[in-house]
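Asks:
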Amino acid sequence: GVGQNYPKKPRDRGSSCPALPATCNERAYLNPNANPYLLVGALVSGPSFGDYFYDDRMESKTNQVSVENNAGFQSAVAGLLYHQLGTGK
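Quick look at the structure:
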């Protein structure tokens, strides 16, 4: 998403658990509200092959935050930036 149109409920334990001393449990996970913490800079999976995205932390295939997705994205951005700026020679 861009601007205010970003996933509010990504499937991510760190952003979906409530602040301490509250317990991070199934009840917190199943809470239908937006995650209490915003993941700044994280890439959320999706959309699906059918161009489907549903902002629900229960959707593991289209709403997952993972190192694999973020690493590939950051590498692509670094490559684009490298070619835009030149080699520095």
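Just so you know, we're using full-length UniProt numbering here: the sequence shown kicks off at 1 and counts up by one.
Idealized CB from N, CA, C, for every residue including glycine.
If you're wondering where the values come from, they're calculated on a predicted model, not measured in any experiment.
Among Lys8, Gly72, Leu39 and Pro21, whose alpha-carbon lies nearest the alpha-carbon of glutamate 59?
Replies: Here the closest residue by C-alpha is Lys8.
Asks: So, are the CB atoms of serine 16 and tyrosine 29 less than 9 Å apart?
Replies: Yes, the pair counts as a contact, with Cβ atoms nearer than the cut-off.
Asks: How far does the alpha helix (DSSP H) with asparagine 31 in it extend, from its first residue to its last?
Replies: Unbroken run through asparagine 31: none, as it is neither H nor E.
Asks: Could you check what DSSP says for asparagine 5 in three-state terms: helix, strand or coil?
Replies: Looking at asparagine 5 - three-state DSSP - the assignment turns out to be strand.
Asks: Return the CA-CA distance between valine 67 and glycine 3, expressed in angstroms with no decimal places.
Replies: Approximately 23 Å between the Cα atoms of the pair.
Asks: State the DSSP-derived secondary structure class of valine 65, mapped to helix, strand or coil.
Replies: Valine 65: strand per DSSP, three-state reduction.
Asks: For the alpha helix (DSSP H) holding glycine 14, just list the boundary residues, first then last.
Replies: Here the alpha helix (DSSP H) through glycine 14 covers 13-16.
Asks: Secondary structure at leucine 44, three-state DSSP: helix, strand or coil?
Replies: It should be noted that the sequence gives valine, not leucine, for residue 44. Valine 44: strand per DSSP, three-state reduction.
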